[in-house]
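Structure, as structure tokens:
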Amino acid sequence: MLRSSTLVVIAVLGILTSGCPETEDETRPNPLLEVPESASWSLPCLQQPVHVVRTEHDVPHIYAETEQDLACAQGFVTARDRFFQMDLIARAGLGTVAEIFGGGGLSSDIDTRSRGGRMIADQLLESTTSEERATWTAYADGVNAYIDRVRSGEFPPPAELEASYLFLGVESPADLMVDWGPLHLAGVASTVNFVSGFETTDIKNQEKVDQLADYGTGLPESQLRHDGAVYDIWENIAPVYPAASGHDFGQSAEAREADVPRRPTLVSGPRVEQATLSRAVAVAERLDRRPGRTGEPGFGSNAWAIGPELTEDGVAVLGSDGHLALTVPAFLYNTHLDTQLLGDGDMHAIGITIAGAPMIGLGTNGRVAWGHTSQVSDINDYYRDEVVLGSDGRPAATLFQGDEIPLVEVAEDYAVSAALGATAGIQSISRWVTGQGRPVFSLEGASVDGPEDNPAAVNIFGSWIVAGDQDADGVITAITGAASHFSERHMVRHVRGWETADDVDEWAQHLAGMTSYSQHFIVADTAGNILYTGFQGMPCRSYLPKEADGTPVAGANPQLLIDGTLYPSFEVTYDTAGFIDPAPDSDLNCTVPYEAYPHARNPDAGYVVNSNNAPWYAAWDNNLWNDSVYIGGPWYGTWRSSRIIELIEEGAGTHSVETVSNIQADHRSRMATEFLPLLLDTLERAAELANEDELIGTEARIAAAYTSRLSAIEEAHGRLTDWNERGRVAASGVETFYDTPSATDVQDSIATTIFNAWMGRFQNAVFDDEGLPSIFRPTSSYGKTRTLKALVDGVGADNPGGLASWNPATGESAFFDVVGTDEKESRDELVIVALVDALDYLATPFGGDRSGGYNTTDQSQWLWGLKHFVHFDSFVAREIGDDPLIASVFSDISITPAVLPLADPPPSFGDARLGLPGFPRPGDAFSIDAAGGIGTHNYGYGSGPVMRMSIAMDPDGIRGVNVLPGGQSAQPDSPFFADQAALWLANEAFPIRFAVDDVIAGATGREVLSP
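Read in order, the letters of the sequence shown are residues 3 to 1013 in our numbering.
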């Protein structure tokens, strides 16, 4: 149940600080003057006074007369709270991290510029109008006004710089603060562009297809295992539950076919040299660990909108709770921007943004509200190219349809500080781009330490390579990439368009100006319209040939390496108004038009939902290639979205801000919903077998395992049965300042622990012995559970699930037999053995990092929250954590039970909560309030909702709530460092104050910024 938290309004007269006298236009009353002035500063970048009203949790509501004054104030205000974070985000987009971190940042900088990050920032800046450039400059000047006050000693330096300046080799924290300019904002935008949708999946897919070719050789039932790996896992992409965000858009199949596909749909073209591919995979893995991400993008994001016909007061309601890394400070920042109250501008928007961005990325303008989740559709293509060397032994050209196309060498200068033992100075390192504009990601050749070893050495994403034919096949191969991102020029302008849009249709028009935001968007307006769309600059790819059934021919598959000697690459272009040009008559510039891209506007169901799941039905028949357009896939599953849909439909006619927030806080175990019946049925069968005589084979082993822990298993069986009947809520069960568990919660918690300890062991028992490549799509966590569901349900006579791995001798998948044993294990045997192992583990000692058990066989002590806890780690340590020394310096800038004690008084000796490294939490893998993955020992997690936003689009005045997993401030001594985390832990939120009367009612102070 949502319990909105508001603080007492601070309205004590006399808390006025000195400052310039107010110079308001007397013809326009300023209601903000009702709020007592709490501080004032003079900013050189202002033309007129700006008022910043603070409400609960120190949310700034910035009121200015002009857009430039608003930007100046926003830069100043944001920098006071988040300077180091925003500076690091800008540097990550520009490739200038080494200016602070020396050698510890150079690798990151090379990756950034090699993938085109700096190029994108430059073209974003070059594409601004004079008015946009003035706004960006004003924002940067506001940041610089803050920097100047740190240099003068008026403001304290950022905590991150205070903690690290000596370590980084300077005399003062301010020495690490460089003045901002418009390019820094372009750097932030470039980072947003990269984080939103840059993918490297094709490179990793190629490695997996290569590995699958020989899989199964030497294993029992080798053909069954090989076919199972290809068709039950790799090619099995249909979701368990058919939920598409586009509803009936382009529906191509009524239901999933049970038949094993006749042939693979992912067929390789010419192979690339193995070490070249391995280096490209290493680059891909580095790039996947981008700011805010965990390597599995979109793990738990949700967004939905409910139409007026399903809400209690007849207005559309929107919810959004995107999931990223739970860093400190939080990845997002609360902001309210207004030029309407005091001026004649068109800006009035509230929501959240990335620190350093002069816009509202998610939120509402009072007429339209929007949220999103990660889409991960296919706007990146990668190529196998053949390289021709010059007379100097360096790469000179690539081959395309018999012609040599010159490569382009782009010189880059990297400023490197002396930090971390680096030699200070400028390092000149070139990056390489094909004549078609594709960056080179990997190059065949010998690895060397640098050009001093061989003057022909070139740097490819940080590796020095002397190009050469390493596998004696007569060619030198390279891997290059094309991306819609490389065309991005007007992203910030169109986000600004969202902030002023009147309805969902005008909002969508501005999405049509972004090449690569790559999100599933959910939108609602005050007229009651709701919209789902994931539109972006999706290439038509008509130049890639297909078989008669639509499957790409070998060497032309956009999910693998494309043969660059035969096929060109795309480039997204704009029309004169700054929108994507569909260019239907151009093979290389053609993009899928908005109306052909999956979307849903006011569907009959009355709602639109996305939880990183499919935009449409393309994968329902296990085939992505036989539909009207190709936009990518497979997508994340429907474990979460199916539960959200269930709750929306159950509550039809009653929905509100509160019910949306309650859905966000749903902790029913999705994995227990799917797999607990199997465990309970198997326990019943095992109990029956234990009473039989003369058993042999797997049945004898099942009975023996069951009776070996009879008392513990029977107790666990009873607990799990009761939990199943109560609804399988994954409760924490641990008492904290934010959770007072009931007796039922405690019992649910114990069952949750037993189930999760079993679930991870059962999954591992099925897959870990097989030596499988990493072929679970789109990610290991979802792909494994989807496959496990298919294998579990596919047991029985006559191959009920149509499994390629189904063994007629056992009536189940060959994967249930454990490789390396003489016995022929069965599904039910693995179920029981996994439970025995789980119960044994849960009784083991704690372990220093809580990776052990509960140090007792008393199941009443097995509370889920004692092992399942969330941690909020330093943003810097998370983003530059590859260097353990850097991580250790910033590790204290985090939110731990030392910052927010779990109880009052804090736990003491003998209390199981003492020493917990994080905060006990409910939920488990794939619950709506997603909370970690499937494991066997460690259940702590550091990714989750980076906001929980819920908004009712009432035409008489929007209302809503939001919360961040941390606080507005990055300063640990600030009262606003961890205050929102306390709410977040309790699944609470605070009001979104949009109307000026609401802002004044919740005001805690007013800051006046003057010219």
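Beta carbons: idealized from backbone N, C-alpha and C, even for Gly.
Since we're looking at a predicted model, the values are computed, not measured.
Q | Every unbroken beta strand (DSSP E) inside the region 283-363 [3 residues or more] | A | Fully enclosed beta strand (DSSP E) runs of 3 or longer: 304-308, 319-323, 325-327, 335-340, 350-355.
Q | For Gln521 and His512, the rounded distance between their alpha carbons | A | On the sequence shown, residue 512 is found 510 positions in, with the first residue counted as 1. On the sequence shown, residue 521 is found 519 positions in, with the first residue counted as 1. A direct Cα-Cα distance of roughly 14 Å separates His512 from Gln521.
Q | Cβ shell of Glu259 (< 7 Å), same chain only, five flanking positions each side left out | A | For the purposes of this step, residue 259 is taken as residue 257 along the sequence shown, with counting starting at 1. In this predicted model, Glu259 has a pLDDT of only 49, less than 50, meaning its place in the structure is not dependable enough to derive any value.
**Q.** Local conformation of Pro600 per DSSP, three classes
**A.** For this step, residue 600 is matched to residue 598 along the sequence shown. Pro600 falls in the coil class under three-state DSSP.
Q.
If you measure between the beta carbons of Pro570 and Leu590, is that distance less than 8 Å?
A. Looking up residue 570 in the sequence shown gives position 568. Looking up residue 590 in the sequence shown gives position 588. Between Pro570 and Leu590, the gap from beta carbon to beta carbon is short of 8 Å.
Q: Could you tell me how far apart the beta carbons of Val790 and Val820 are, in whole angstroms, since I believe they sit closer than 8 Å?
A: One-based indexing of the sequence shown puts residue 790 at position 788. One-based indexing of the sequence shown puts residue 820 at position 818. First, the residue type needs correcting, since residue 790 is Leu and not Val in the sequence shown. Contact flag wrong, Cβ pair sits at about 15 Å.
Q.
Looking at Ser896: is its Cβ nearer than 8 Å to the Cβ of Ser910?
A. One-based indexing of the sequence shown puts residue 896 at position 894. One-based indexing of the sequence shown puts residue 910 at position 908. Contact: no.
(Q) By alpha-carbon positions, which one of His601, Arg645, Ser663 ends up nearest to Thr676? (A) Taking the sequence shown and counting its residues from 1, the one referred to as residue 676 is at position 674. The sequence shown places Glu at residue 676, not Thr. Of the candidates His601, Arg645, Ser663, the one whose C-alpha sits nearest the C-alpha of Glu676 is Arg645.
(Q) My assumption, with CB atoms under 8 Å, is that Ala73 sits in contact with Thr137. Please give the rounded CB distance. (A) One-based indexing of the sequence shown puts residue 73 at position 71. One-based indexing of the sequence shown puts residue 137 at position 135. With a Cβ gap of about 5 Å, Ala73 and Thr137 count as contacting.
Q: Tell me, please, whether the region 391-400 touches the region 456-472 by the rule of three or more beta-carbon pairs shorter than 8 Å.
A: Look at the beta carbons and you see the region 391-400 touching the region 456-472: at least three pairs across the two are nearer than 8 Å.
Q) How many angstroms separate the CA atom of Asn857 from the CA atom of Pro847? A) Reading the sequence shown from its first residue, position 855 is the one you call residue 857. Reading the sequence shown from its first residue, position 845 is the one you call residue 847. Straight-line Cα distance between these residues: approximately 4 Å.
**Q.** Assumed close pair Ile481, Ala282 - CB separation to whole angstroms, cut-off 8 Å
**A.** Taking the sequence shown and counting its residues from 1, the one referred to as residue 481 is at position 479. Taking the sequence shown and counting its residues from 1, the one referred to as residue 282 is at position 280. The pair is a contact, with the Cβ atoms about 5 Å apart (cut-off 8 Å).
(Q) Runs of 3 residues minimum, wholly inside the region 577-625: which ones carry the beta strand (DSSP E) assignment? (A) Within the region 577-625, the complete beta strand (DSSP E) runs of at least 3 residues are 601-603, 609-612.
**Q.** Cβ neighbours of Ala413 in the same chain (closer than 7 Å, five flanking residues each side left out)
**A.** Stepping through the sequence shown from its first residue, residue 413 is reached at position 411. Contacts found: Ser430, Ser432.
Q. What's the call for Leu712, buried or exposed, on a 16-neighbour Cβ count within 10 Å?
A. Against the sequence shown, residue 712 aligns to sequence position 710. By the neighbour-count rule (16 or more Cβ atoms within 10 Å), Leu712 is not buried but exposed.
Q.
Can you give me the C-alpha to C-alpha distance between Leu546 and Pro554, rounded to a whole angstrom?
A. Within the sequence shown, numbered from 1, the residue matching residue 546 stands at position 544. Within the sequence shown, numbered from 1, the residue matching residue 554 stands at position 552. Answer to the nearest angstrom: the Cα atoms are 7 Å apart.
Q. Exposed or buried, Asp60, counting other C-beta atoms within 10 Å across all chains shown (16 or more means buried)?
A. Here residue 60 refers to the residue found at position 58 when the sequence shown is read from its first residue. Classification for Asp60: buried.
Q) Taking the runs of the beta strand (DSSP E) that are 3 residues or longer, which of them lie wholly in the region 104-170? A) Correct list: empty.
Q | Thr754, enclosing alpha helix (DSSP H) - first and last residue | A | Here residue 754 corresponds to residue number 752 of the sequence shown, with the count starting at 1. Per DSSP, Thr754 belongs to the alpha helix (DSSP H) from 745-769.
Q. Among Ala654, Val731, Asp380, which one has its Cα closest to the Cα of Val631?
A. Against the sequence shown, residue 631 aligns to sequence position 629. Considering only alpha carbons, the answer is Asp380.
Q: Compare the beta carbon distance of Leu987 and Tyr740 with 8 Å and say whether it is the shorter of the two.
A: In the sequence shown, counting from the first residue as 1, residue 987 sits at position 985. In the sequence shown, counting from the first residue as 1, residue 740 sits at position 738. It is a contact, given that the beta carbons lie within the stated cut-off.
Q. Mind checking whether the beta-carbon of Tyr141 lies closer than 7 Å to any heavy atom of the ligand NAP?
A. Questions concerning the ligand NAP fall outside what the structure shown contains, since it holds no ligand whatsoever.
(Q) One question on the structure: do Met516 and Leu126 come within less than 8 Å of each other, judged by their Cβ atoms? (A) Position 514 of the sequence shown, counting from 1, holds the residue named residue 516. Position 124 of the sequence shown, counting from 1, holds the residue named residue 126. With respect to the 8 Å criterion, Met516 and Leu126 are not classified as neighbours on the basis of their beta carbons.
Q: Measure from the alpha carbon of Leu34 to the alpha carbon of each residue in Glu651, Leu343, Phe169, Leu45, then state which is nearest.
A: Residue 34 sits at position 32 when you count from the first residue of the sequence shown. Checking every option, the nearest Cα to that of Leu34 belongs to Leu343.
Q) Trp466 bridges to which residues according to DSSP? A) The residue given as residue 466 occupies position 464 in the sequence shown. Under DSSP, Trp466 forms a beta bridge with Val450, Asn461.
Q: Report yes if the CB atom of Ala879 is closer than 8 Å to the CB atom of Phe757, and no otherwise.
A: For this step, residue 879 is matched to residue 877 along the sequence shown. For this step, residue 757 is matched to residue 755 along the sequence shown. Contact: no.
Q.
Which of the three DSSP states is assigned to Glu1056 in this structure?
A. In the structure displayed, the chain extends from 3 to 1013; residue 1056 sits before or after that span and is not available.
Q: Give me the Cα-Cα distance between Arg440 and Pro922, rounded to the nearest whole angstrom.
A: As a first step, residue 440 must be located in the sequence shown, where it is residue number 438. As a first step, residue 922 must be located in the sequence shown, where it is residue number 920. Rounded to the nearest angstrom, the two C-alpha atoms are 47 Å apart.
(Q) One question on the structure: do Leu904 and Arg915 come within less than 8 Å of each other, judged by their Cβ atoms? (A) Looking up residue 904 in the sequence shown gives position 902. Looking up residue 915 in the sequence shown gives position 913. Yes, the pair counts as a contact, with Cβ atoms nearer than the cut-off.
Q. Between the C-alpha atoms of Tyr609 and Val180, what's the straight-line distance to the nearest angstrom?
A. Position 607 of the sequence shown, counting from 1, holds the residue named residue 609. Position 178 of the sequence shown, counting from 1, holds the residue named residue 180. Per the coordinates, the alpha-carbon of Tyr609 lies some 48 Å from the alpha-carbon of Val180.
Q) Does the Cβ-Cβ distance between Tyr65 and Val79 come in under 8 Å? A) Locating residue 65 in the sequence shown gives position 63, where the first residue counts as 1. Locating residue 79 in the sequence shown gives position 77, where the first residue counts as 1. Remark: C-beta atoms of Tyr65 and Val79 do not approach each other more closely than 8 Å.
Q: Would you check if the distance between the CB atom of Pro397 and the CB atom of Val460 is smaller than 8 Å?
A: As a working mapping, residue 397 is identified with position 395 in the sequence shown. As a working mapping, residue 460 is identified with position 458 in the sequence shown. Contact flag set, yes.
Q: Give me the Cβ distance between His719 and Ser853, rounded to the nearest whole Å; I'm assuming they're in contact under 8 Å.
A: As a first step, residue 719 must be located in the sequence shown, where it is residue number 717. As a first step, residue 853 must be located in the sequence shown, where it is residue number 851. Actually they do not touch by this definition, with Cβ atoms about 26 Å apart.
Q: Return the bridge partner residues of Arg433 from the DSSP annotation.
A: Along the sequence shown, one-based indexing puts residue 433 at 431. Residue pairing from DSSP places Arg433 in a beta bridge opposite Val412.
Q) Where Leu697 and Leu691 are concerned, what is the direct C-alpha to C-alpha distance, given to the nearest angstrom? A) Mapped onto the sequence shown, residue 697 falls at position 695. Mapped onto the sequence shown, residue 691 falls at position 689. Using only the alpha carbons, I get a separation of about 8 Å.
**Q.** Whether Ser444 touches Thr203 by CB criterion (8 Å)
**A.** On the sequence shown, residue 444 is found 442 positions in, with the first residue counted as 1. On the sequence shown, residue 203 is found 201 positions in, with the first residue counted as 1. Cβ atoms of Ser444 and Thr203: not closer than 8 Å.
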